[in-house]
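Inspection log for the structure reproduced underneath, given as structure tokens.
Number of protein chains: 2
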Amino acid sequence: MTVSRAINTPQVVRPKTVEKVMAAVRATGYIPNALAGGLASKRSKLIAVVVPQINNSMFVDTIQSISDELARRGYHMLLCVAGYTHESEAEIVTTILSRRPDGIVLTGIHHSPELRKTVLNASIPVVEIWDLTPTPLDMLVGFSHAKVGYAIGQYLLNKGYRRFGLIWTEDRRAAQRKNGVCELLAQHGVDTPTEVLVPLPASLKLGREACASLLESDAVPDVLVCSSDTLAQGAIVEAMHRGMRVPEDIAVMGFGDLDFAAFHEPAITTVGIDRWGVGKRATDMLLEKLAGGFVSDPIVDVGFVLIERHSA
Amino acid sequence: MTVSRAINTPQVVRPKTVEKVMAAVRATGYIPNALAGGLASKRSKLIAVVVPQINNSMFVDTIQSISDELARRGYHMLLCVAGYTHESEAEIVTTILSRRPDGIVLTGIHHSPELRKTVLNASIPVVEIWDLTPTPLDMLVGFSHAKVGYAIGQYLLNKGYRRFGLIWTEDRRAAQRKNGVCELLAQHGVDTPTEVLVPLPASLKLGREACASLLESDAVPDVLVCSSDTLAQGAIVEAMHRGMRVPEDIAVMGFGDLDFAAFHEPAITTVGIDRWGVGKRATDMLLEKLAGGFVSDPIVDVGFVLIERHSA
DNA sequence: TTGTAGGCGTTATCAA
DNA sequence: TTGATAACGCCTACAA
Numbered sequence: 001m002t003v004s005r006a007i008n009t010p011q012v013v014r015p016k017t018v019e020k021v022m023a024a025v026r027a028t029g030y031i032p033n034a035l036a037g038g039l040a041s042k043r044s045k046l047i048a049v050v051v052p053q054i055n056n057s058m059f060v061d062t063i064q065s066i067s068d069e070l071a072r073r074g075y076h077m078l079l080c081v082a083g084y085t086h087e088s089e090a091e092i093v094t095t096i097l098s099r100r101p102d103g104i105v106l107t108g109i110h111h112s113p114e115l116r117k118t119v120l121n122a123s124i125p126v127v128e129i130w131d132l133t134p135t136p137l138d139m140l141v142g143f144s145h146a147k148v149g150y151a152i153g154q155y156l157l158n159k160g161y162r163r164f165g166l167i168w169t170e171d172r173r174a175a176q177r178k179n180g181v182c183e184l185l186a187q188h189g190v191d192t193p194t195e196v197l198v199p200l201p202a203s204l205k206l207g208r209e210a211c212a213s214l215l216e217s218d219a220v221p222d223v224l225v226c227s228s229d230t231l232a233q234g235a236i237v238e239a240m241h242r243g244m245r246v247p248e249d250i251a252v253m254g255f256g257d258l259d260f261a262a263f264h265e266p267a268i269t270t271v272g273i274d275r276w277g278v279g280k281r282a283t284d285m286l287l288e289k290l291a292g293g294f295v296s297d298p299i300v301d302v303g304f305v306l307i308e309r310h311s312a
Numbered sequence: 001m002t003v004s005r006a007i008n009t010p011q012v013v014r015p016k017t018v019e020k021v022m023a024a025v026r027a028t029g030y031i032p033n034a035l036a037g038g039l040a041s042k043r044s045k046l047i048a049v050v051v052p053q054i055n056n057s058m059f060v061d062t063i064q065s066i067s068d069e070l071a072r073r074g075y076h077m078l079l080c081v082a083g084y085t086h087e088s089e090a091e092i093v094t095t096i097l098s099r100r101p102d103g104i105v106l107t108g109i110h111h112s113p114e115l116r117k118t119v120l121n122a123s124i125p126v127v128e129i130w131d132l133t134p135t136p137l138d139m140l141v142g143f144s145h146a147k148v149g150y151a152i153g154q155y156l157l158n159k160g161y162r163r164f165g166l167i168w169t170e171d172r173r174a175a176q177r178k179n180g181v182c183e184l185l186a187q188h189g190v191d192t193p194t195e196v197l198v199p200l201p202a203s204l205k206l207g208r209e210a211c212a213s214l215l216e217s218d219a220v221p222d223v224l225v226c227s228s229d230t231l232a233q234g235a236i237v238e239a240m241h242r243g244m245r246v247p248e249d250i251a252v253m254g255f256g257d258l259d260f261a262a263f264h265e266p267a268i269t270t271v272g273i274d275r276w277g278v279g280k281r282a283t284d285m286l287l288e289k290l291a292g293g294f295v296s297d298p299i300v301d302v303g304f305v306l307i308e309r310h311s312a
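Which chain is which? The protein sequence lines are A and B, in order. Just so we're aligned: the first sequence equals residues 1 to 312 in the UniProt record's numbering. Just so we're aligned: the second sequence equals residues 1 to 312 in the UniProt record's numbering.
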């Protein structure tokens, strides 16, 4: 017990004793067994993070910020890549719960009933990220994808664009943004956009191909709205390759404000999200709750910023 | 014990008993406690993966493939972002070892003496990835960065380029590639390249800025060799923005064969690495060894491919 | 400030 | 095929 205290709460142990313990630790290369510690204390100091993909520039920054923040506070991250299907998410979460994480971060707010039940049954703090709802499982850090869609639609209408083309991936959150755009256009009596759906993960290649197919269609759009900056970049490359000027001949709008967006030629008009902030706040809320503290506002809307640059 | 067997080795339990156990599991929502299991069995089914960064397109694919492969086999991944310094790596590995992972994947082959000692002392299988050495800690999956450098230098010399400009990040493995390029140029009596060092992480912005500074220098290069495709893309954007043609006025070479490289305009000449393969093989070797199997070749050179496209 | 006893939820081992 | 017992290494609770 004295060794345990010397390592975990040295302030309650006589300094000389601490020194003796630490000397022994160094001499033997002793490393505490966190499995045993977690079993005994019922605190594993593990946080599970479930994302649909990691080779997705949006999530990676959030993951990195969670990981950094956790490490600073003596926690570790169990990272699980769940894919975009409900079934796999429920299964993965069940196996991850066997590790007895002290808390869990889930991407999105749409979960299968089994998953909801399983997670709630675990009685640990949960933070859902990257979406917004008044009824989260527990806590939430995100933003409204529908509002992003409205904002994009409004901005482009104000700019005078009327023939919309959409290049979009098929995941649920992207769909909400698309609905936002379409609803706004409908409200203003603008023609329903032409639409090209692309599979995940998005890539420059898919953006080019989708752009090509829209440019070769009967009704060529005057603006291409893309579900990510990566697709937007592809669309721009394709349009320019065909001798079109962006935005004069065709405008392109992205989403995400990825690193390259500001420095591309033309710079990409897009929507910025505080990706690190999402991770930081999610971690803060989780650890605050674990520390027994009171989380004053369990629902955090980090909002978004429409960033006007040159492509639209 | 019967429950434990019904769950882990149902084949040694009477089918009817298994059924009864499973019914109870379902009814109660029982989820085994892997902390207790790991403590008792001395197998945590956890693999630690230490990388310098995750918001780095090179590592992300490897991480994803490790994660996928581990999940398929009932293991989980503890992902640790160590940064690029020795001190932080040693510290992080020590704390991660307290989780008693069954194996560990380390990025790179240059570790501090403390780290080597700590890891070896843990007596678990180790796989180093993304570099090559005849003397790994244990097992290794990677390729020779020096050879990549030679190949790049040789290719560009054959193409007739003589005035080299380098845009390079400061990490150790990138430095090996740079040394390869420089050595080869020196052997052929070509002028020492002009060099712009950029901080990590690489970005399109940094590529543009570095390119700008090289183009404004006294000795304008006829080829820009970049330590990553991201920097190469930036260099191309900047050069074209200044009205230069790529590769006619200035050629640009990248590294990594990231998704966008093939579909950029001009398509980026680069060096491809099987990033998924590295993760897959590392995981296979680790689990093979954990299963008590014999790893016939503990050093795997995955090689690389110089991909000629249009930018150089 | 340090020490003792007991238990956390599994699995290894041996017995039935 | 199932069960009983004793760890695994730590922490909680309480005692000294």
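Quick reminder that beta carbons are idealized off the backbone N, C-alpha and C, glycines included. Being a predicted model, the structure only gives us computed values, none of them experimental.
- 31, 32, 33, 34, 35, 36, 38, 39, 44: these are the residues of the segment 30-49 of chain A whose beta carbon lies less than 7 Å from some beta carbon of chain B, given in chain order.
- For residue 170 of chain B, there are no neighbours in chain A by C-beta distance under 9 Å, as the nearest C-beta there is about 18 Å away.
- Every alpha helix (DSSP H) stretch that sits fully inside the segment 195-259 of chain A and reaches 4 residues is listed by chain position as 204-215, 229-241.
- About 7 Å separates the beta carbon of residue 164 of chain A from that of residue 190 of chain A, a gap short enough to meet the 8 Å contact definition.
- In the structure shown, residue 62 of chain A adopts helical secondary structure according to DSSP, grouped into three states.
- According to the DSSP secondary-structure assignment, residue 164 of chain B is paired through a beta bridge with B:223.
- Annotation for residue 77 of chain B: the continuous beta strand (DSSP E) segment containing it runs 76-81.
- The beta carbon of residue 177 of chain A sits closer than 6 Å to those of 145, 148, 149, all from its chain and outside the five residues before and after it, given in chain order.
- Using beta-carbon distances, residue 268 of chain B does not count as an interface residue toward chain A, since no partner is under 8 Å.
- Non-local C-beta neighbours of residue 110 of chain B in its own chain, meaning closer than 7 Å and more than five positions away in sequence, comprise 172, ordered along the chain.
- Here the alpha carbon of residue 83 of chain B sits roughly 14 Å from the alpha carbon of residue 69 of chain A.
- Residue 87 of chain A has no beta-bridge partner at all, per DSSP.
- With the rule of 3 Cβ pairs closer than 8 Å, the segment 211-223 of chain B does not count as touching the segment 271-279 of chain A.
- Contact between residue 18 of chain B and residue 6 of chain B holds, with the beta-carbon distance rounding to 5 Å and staying under 8 Å.
- At a cut-off of 8 Å between beta-carbon atoms, residue 97 of chain B makes contact with chain A.
- Of the candidates B:270, B:184, B:169, B:169 places its Cα closest to the Cα of residue 200 of chain B.
- Residue A:116 holds the alpha-carbon nearest to the alpha-carbon of residue 87 of chain A among A:120, A:224, A:9, A:116.
- Excluding five sequence positions before and after residue 136 of chain B, the CB atoms of its chain that fall closer than 6 Å to its own CB belong to 128, given in chain order.
- In terms of CA proximity to residue 307 of chain B, B:253 leads the group B:288, B:294, B:92, B:253.
- When DSSP assignments are scanned along the UniProt domain "HTH lacI-type" (1-41) of chain B, the uninterrupted stretches of alpha helix (DSSP H) that are 4 or more residues long and fall wholly within it turn out to be 2-8, 15-28, 34-41.
- Looking only at B:158, B:219, B:31, B:2, the smallest Cα-Cα distance to residue 20 of chain B is reached by B:2.
- At least one beta carbon of chain B lies nearer than 8 Å to the beta carbon of residue 94 of chain A.
- Between residue 97 of chain A and residue 31 of chain B, the C-beta gap is smaller than 8 Å, which places the two residues in contact.
- For residue 22 of chain B, the closest Cβ of chain A is not nearer than 8 Å.
- A Cβ-Cβ contact shorter than 8 Å links residue 270 of chain B with residue 255 of chain B.
- Taking 8 Å as the threshold, the shortest C-beta distance from residue 133 of chain B to chain A does not fall below it.
- Under the three-state reduction of DSSP output, residue 269 of chain B falls in the strand class.
- Boundaries of the beta strand (DSSP E) harbouring residue 301 of chain B: 299-301, taken from the DSSP string.
- For the C-beta of residue 63 of chain A, the chain B residues within less than 7 Å are, from N- to C-terminus, 54.
- With contacts defined as CB atoms closer than 8 Å, residue 143 of chain B and residue 295 of chain B fail to qualify as a contacting pair.
- Secondary structure at residue 122 of chain A: coil, using DSSP grouped into helix, strand and coil.
- Contact annotation: residue 139 of chain B and residue 285 of chain B have beta-carbon atoms nearer than 8 Å.
- Around the CB of residue 238 of chain A, 16 or more other CB atoms lie within 10 Å, so the residue is classed as buried.
- The continuous stretches of alpha helix (DSSP H) do not include residue 47 of chain B, which lies in the beta strand (DSSP E) extending over residues 46-51.
- For residue 179 of chain B, same chain residues with a beta-carbon under 8 Å away, outside a window of 5 residues either side, are 146, 149 in chain order.
- Under the criterion of beta carbons closer than 8 Å, residue 118 of chain B and residue 29 of chain A qualify as touching, at roughly 7 Å.
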